[in-house]
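Engineer: I have a structure here, written as structure tokens, and I will follow up with some questions on it.
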């Protein structure tokens with residue numbers, strides 16, 4: 001039980017707890033904020049697992065752009081303070097809950113049976129330079145396609161978000 | 001010879017086909033013309049064939065219908081004097097009836113259909129008369145049954161008439177069952193279906209087998225000829241047009257049963273039990289029908305029961321071993337009964353569909369021709385001395401009396417009583433329908449009838465009147481028919497009766513007839529409707545035979561059919577399928593809950609699917 | 001030496017199913033989307049762990065693509081939600097049931 005392991009389990013706990021709380025929130029903004037906490041923990045986990053560049057990207061893109069976008073939209077939606085009565089009717093959530101539990105148990109079982117899974121992870125770091133090199137060497141086509149995809153998403157979001165009376169809608173969040 | 005007989009068979013069939021195919025566009029007259037032309041051609045050919053053949057017999061092969069291994073149904077013809085006489089009679093009477101029909105159906109719809117069936121009927125009747133192969137006979141047998149059904153129910157819009165046709169068909173069908181069994185037995189015993197072959201080789205039959213075959217054939221004949229106990233269809237069959245009754249239920253189809261027995265007589269003759277039973281059926285039926293005829297009020301029903309009675313005489317003749325006598329009476333009866341039916345048809349049409357004789361009367365001045373024609377027919381039917389029916393009935397009574405054994409004496413008594421009743425009910429009909437009645441007004445408002453309908457019956461009346469000449473028991477032209485038919489197996493030309501017995505019988509019957517006529521005249525000079533007491537009801541319903549069958553067979557059958565329909569067919573089968581359908585519907589109702597259009601539901605479905613796949617894959621990989 | 005590879009996978013798995021539960025159980029459209037986000041993120045964790053396990057950079061490259069796609073998808077999805085909100089004035093998933101059978 002070295003430091004890395006402790007860090008891992010601590011971060012894991014934070015992630016799980018905050019995500020769970022986020023899922024059960026009534027207030028959307030609270031949910032988003034808890035999720036941001038989870039993502040920040042994820043970023044630290046990435047750092048632990050030897051991907052510093054991706055840790056940065058996680059903070060910038062996921063927490064910084066996507067979650068902020070969520071917040072924008074949540075604030076645009078002026079929902080009535082009507083309670084979601086879903087928890088009363090147990091027929092609504094009990095089956096799904098047990099299904100999730102079942103799949104969870106099955107997957108954990110699958111994972112633990114796998115002999116490959118017992119191998120310990122050895123610490124390593126992928127420098128951004130090395131990652132970039134590798135990326136553009138082997139996956140340059142996918143990069144291009146991904147950028148194209150983002151462009152299409154931009155156009156789509158722009159079109160869908162327009163108002164009928166010409167008021168400018170929100171722009172889509174995207175990577176710089 | 002062969003082409004003559006072939007054309008003889010085909011003429012009415014071709015006429016029917018022409019009418020069926022092209023008749024829609026032809027006028028009423030043209031249709032009738034084609035139909036009558038077909039029968040006329042057949043008649044000419046029948047006479048020619050008779051003259052050419054002389055006293056020879058022919059077996060002619062036309063073509064093979066179907067063949068399976070040794071089982072071969074060929075369309076063969078066996079032409080002997082018996083067949084010759086039958087074909088000439090059938091075609092002659094048919095011709096007159098066809099011409100009469102042209103007038104009778106002058107205002108009816110469906111004339112084309114009528115003549116097609118009528119021609120087909122003649123064709124099938126000729127098949128029965130001529131066929132050698134038993135399967136070919138069976139074809140004709142069923143064919144006449146079908147045509148009879150169609151023609152009885154000709155006015156199909158009236159449900160009662162259709163029911164009468166169905167009743168006829170079903171009852172005769174009961175007889176046909178044993179005919180089929182007999183045919184099968186013949187094949188097993190003889191190896192082929194040829195009548196000629198059978199009657200030449202009757203020695204192979206044991207007495208028991210001969211009795212069995214005889215009884216099977218008797219039952220079939222009983223069905224077709226409307227004898228006891230399958231008698232109930234004939235009175236109801238009067239629902240058809242009068243010419244149909246004349247042709248089918250007087251002259252031809254009802255005689256087909258007798259004819260079959262005569263053709264296969266050598267088989268029957270092997271068993272005296274069979275002959276006794278045949279004679280008994282005939283004699284009892286004769287008396288039964290004569291009694292029932294005495295109380296009927298419908299003119300055609302009287303004639304129907306009279307037919308049953310006279311056909312009973314023919315059965316009696318066969319049972320007494322006298323084919324010639326049976327055939328002689330068959331001829332006489334065909335002529336005068338057809339005549340009577342057709343004059344009855346004229347009266348019915350003239351009085352605008354009036355059937356009840358007690359509502360007729362005073363017709364002598366209005367329709368003198370019909371009056372005299374009916375008189376001639378009535379006289380023949382009554383066996384008035386020296387007239388057509390007298391000699392034939394006499395011969396049958398003589399033949400019966402001469403048979404050994406007490407049974408035949410009893411049967412003779414029954415037949416004699418019926419012979420006394422016959423003139424009685426006949427003239428009851430005649431006097432009531434035609435006689436002068438001061439009470440009723442003269443029927444000046446009768447429907448006018450075409451003259452030719454009356455005139456065409458004249459030749460028939462003449463033939464009926466002088467038909468005794470065919471087989472006089474005395475004189476220069478003695479026993480013509482008997483000698484002609486002497487080559488027919490089983491026929492006895494000469495009864496060899498002691499002369500004084502024959503004389504006393506003839507005189508006795510003449511006296512009885514005259515006496516019965518006198519009584520009838522006395523009673524029905526001023527006819528009033530009879531009492532409707534219990535005895536009358538008994539007679540008029542034919543001794544409640546219809547009711548008996550209804551209770552014994554029809555009602556239980558109906559009950560079972562209803563039960564099976566409601567409880568089994570609807571209850572089990574139908575409702576089984578309906579329940580299956582309801583089950584599926586219920587299932588889809590459950591499934592419908594999952595298609596409620598809500599996104600949350602669909603997401604849950606996706607999750608469920610994913611879980612399922614995961615679990616199955618895990619199990620597949622041997623997890624637990 | 002950090003942790004056994006299996007532990008990271010289990011962590012990713014639990015996170016994934018939490019996200020799945022969120023997407024399946026919540027009726028608010030935005031919460032469903034959040035569930036999707038959680039799921040994507042969990043996949044990313046798994047990839048990073050795998051990348052470390054086998055010392056390949058492919059896993060990390062793929063996480064970049066995951067993020068790109070997640071961003072694109074979220075933007076379009078949120079635009080759709082805005083549009084739907086303008087139509088029906090509600091983000092309750094059960095309101096949009098025109099596909100009801």
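Protein chains in written order, with our numbering: chain D, 1 to 176; chain F, 1 to 624; chain A, 1 to 101.
By construction, the Cβ of each residue, glycine as well, lies at the ideal position given by its N, Cα and C atoms.
Here the structure is a predicted model, which is why all the values come from computation and not from measurement.
On the three-state DSSP scale, how would you describe residue 26(D)?
Structural biologist: coil
Engineer: Below 7 Å CB to CB, which residues in the same chain sit around residue 394(F) once its five sequence neighbours on both sides are set aside?
Structural biologist: 505, 506 and 509
Engineer: Under 7 Å between C-beta atoms, does residue 605(F) make it to chain D?
Structural biologist: no
Engineer: Between the region 162-180 of chain F and the region 224-239 of chain F, can you find at least three pairs of beta-carbon atoms closer than 8 Å?
Structural biologist: yes
Engineer: Report, in whole angstroms, the separation of the C-beta atoms of residue 377(F) and residue 336(F), which I expect to be a contact under 8 Å.
Structural biologist: The C-beta distance from residue 377(F) to residue 336(F) rounds to 5 Å, short enough to fall under 8 Å.
Engineer: Taking the straight line between their C-alpha atoms, what separation do you get for residue 9(F) and residue 42(F)?
Structural biologist: 7 Å
Engineer: Looking at residue 40(D) and residue 22(D), is the spacing between their C-beta atoms short of 7 Å?
Structural biologist: no
Engineer: Starting from residue 160(D), find everything on chain A with Cβ-Cβ shorter than 8 Å and list it in chain order.
Structural biologist: Near residue 160(D) (Cβ distances below 8 Å), the residues of chain A are 76, 79, 80, 82 and 83.
Engineer: Answer with yes or no whether the minimum CB distance from residue 42(D) to chain A is below 7 Å.
Structural biologist: yes
Engineer: Can you tell which of 19(A), 63(A), 46(A) and 52(A) has its C-alpha closest to the C-alpha of residue 604(F)?
Structural biologist: Cα-wise, what sits closest to residue 604(F) is 19(A).
Engineer: Cutting at 8 Å between CB atoms, please list the residues of its own chain near residue 543(F), excluding the five before and the five after it.
Structural biologist: 288, 291 and 292
Engineer: By a C-beta neighbour count over all protein chains shown, 10 Å radius and 16 as the cutoff for buried, is residue 30(D) buried or exposed?
Structural biologist: exposed
Engineer: Let me check understanding here. Comparing Cα to Cα, which of 429(F), 471(F) and 540(F) lies closest to residue 523(F)?
Structural biologist: Measuring from the Cα of residue 523(F), the nearest candidate turns out to be 429(F).
Engineer: Only counting runs of 3 or more residues, tell me where the beta strand (DSSP E) segments fall wholly within the region 70-146 of chain F, in order along the chain.
Structural biologist: The qualifying runs are 71-79.
Engineer: Nearest chain A C-beta to residue 599(F) closer than 7 Å, yes or no?
Structural biologist: The Cβ of residue 599(F) sits closer than 7 Å to at least one Cβ of chain A.
Engineer: Looking only at C-alpha atoms, which of 188(F), 406(F) and 351(F) sits nearest to residue 70(F)?
Structural biologist: When only C-alpha atoms are compared, the closest one is 188(F).
Engineer: Given a cut-off of 7 Å, decide if residue 121(D) and residue 5(A) are closer than it, judged by their beta-carbon atoms.
Structural biologist: yes
Engineer: Using beta-carbon positions only, say whether residue 382(F) and residue 329(F) come within less than 7 Å of one another.
Structural biologist: No; because the gap between Cβ atoms is not below 7 Å, this pair is not in contact.
Engineer: Going by beta-carbon coordinates alone, are residue 502(F) and residue 398(F) separated by less than 7 Å?
Structural biologist: yes
Engineer: Residue 563(F) versus chain D: which residues are under 7 Å apart at the beta carbon?
Structural biologist: None at all; the shortest Cβ gap to chain D is about 49 Å.
Engineer: Where are the alpha helix (DSSP H) runs, 4 residues long or more, that stay fully inside the region 51-138 of chain D, in chain order?
Structural biologist: 52-57, 67-76, 90-113 and 128-138
Engineer: Candidates 595(F), 204(F), 280(F) and 137(F): which alpha carbon is nearest residue 180(F)'s?
Structural biologist: Comparing Cα positions, the closest option is 137(F).
Engineer: When you compare only the Cα positions, how much space is there between residue 387(F) and residue 24(F)?
Structural biologist: 45 Å
Engineer: Among residues of its own chain, excluding the 5 on either side of residue 343(F), which ones have a beta-carbon nearer than 6 Å to its beta-carbon?
Structural biologist: 370, 373 and 374
Engineer: Please state whether DSSP places residue 19(F) in a helix, a strand or coil.
Structural biologist: Residue 19(F) falls in the helix class under three-state DSSP.
Engineer: Let me see if you follow: with CB-CB separation under 7 Å, is residue 47(A) close to chain D or not?
Structural biologist: The Cβ of residue 47(A) sits no closer than 7 Å to any Cβ of chain D.
Engineer: If you measure beta-carbon to beta-carbon, which residues of the region 107-133 of chain D are closer than 9 Å to chain F?
Structural biologist: 107, 109, 110 and 113
Engineer: Which same chain residues end up closer than 7 Å to residue 463(F) when comparing Cβ atoms and leaving out the 5 residues on each side of it in sequence?
Structural biologist: 335
Engineer: Which residues of chain A have a Cβ atom closer than 8 Å to the Cβ of residue 73(D), listed in chain order?
Structural biologist: 30, 78, 81 and 82
Engineer: Report the rounded CA-to-CA distance for residue 91(A) versus residue 580(F), giving the unit in angstroms.
Structural biologist: 42 Å
Engineer: Does DSSP put residue 582(F) in a helix, in a strand, or in coil?
Structural biologist: helix
Engineer: Using a threshold of 7 Å, state whether the C-beta atoms of residue 81(A) and residue 28(D) are closer than that.
Structural biologist: no
Engineer: Let's see if you can read the secondary structure: which residues bound the alpha helix (DSSP H) around residue 124(A)?
Structural biologist: Summary: the structure shown does not reach residue 124(A), with chain A confined to residues 1 through 101, and so no result is reported for it.
Engineer: So, residue 50(F) versus residue 102(F), is the Cβ gap smaller than 7 Å?
Structural biologist: no
Engineer: Could you check where the alpha helix (DSSP H) with residue 86(A) kicks off and where it finishes?
Structural biologist: Per DSSP, residue 86(A) belongs to the alpha helix (DSSP H) from 58-88.
Engineer: Report the partner residues of residue 61(F) according to the DSSP bridge assignment.
Structural biologist: 76(F)
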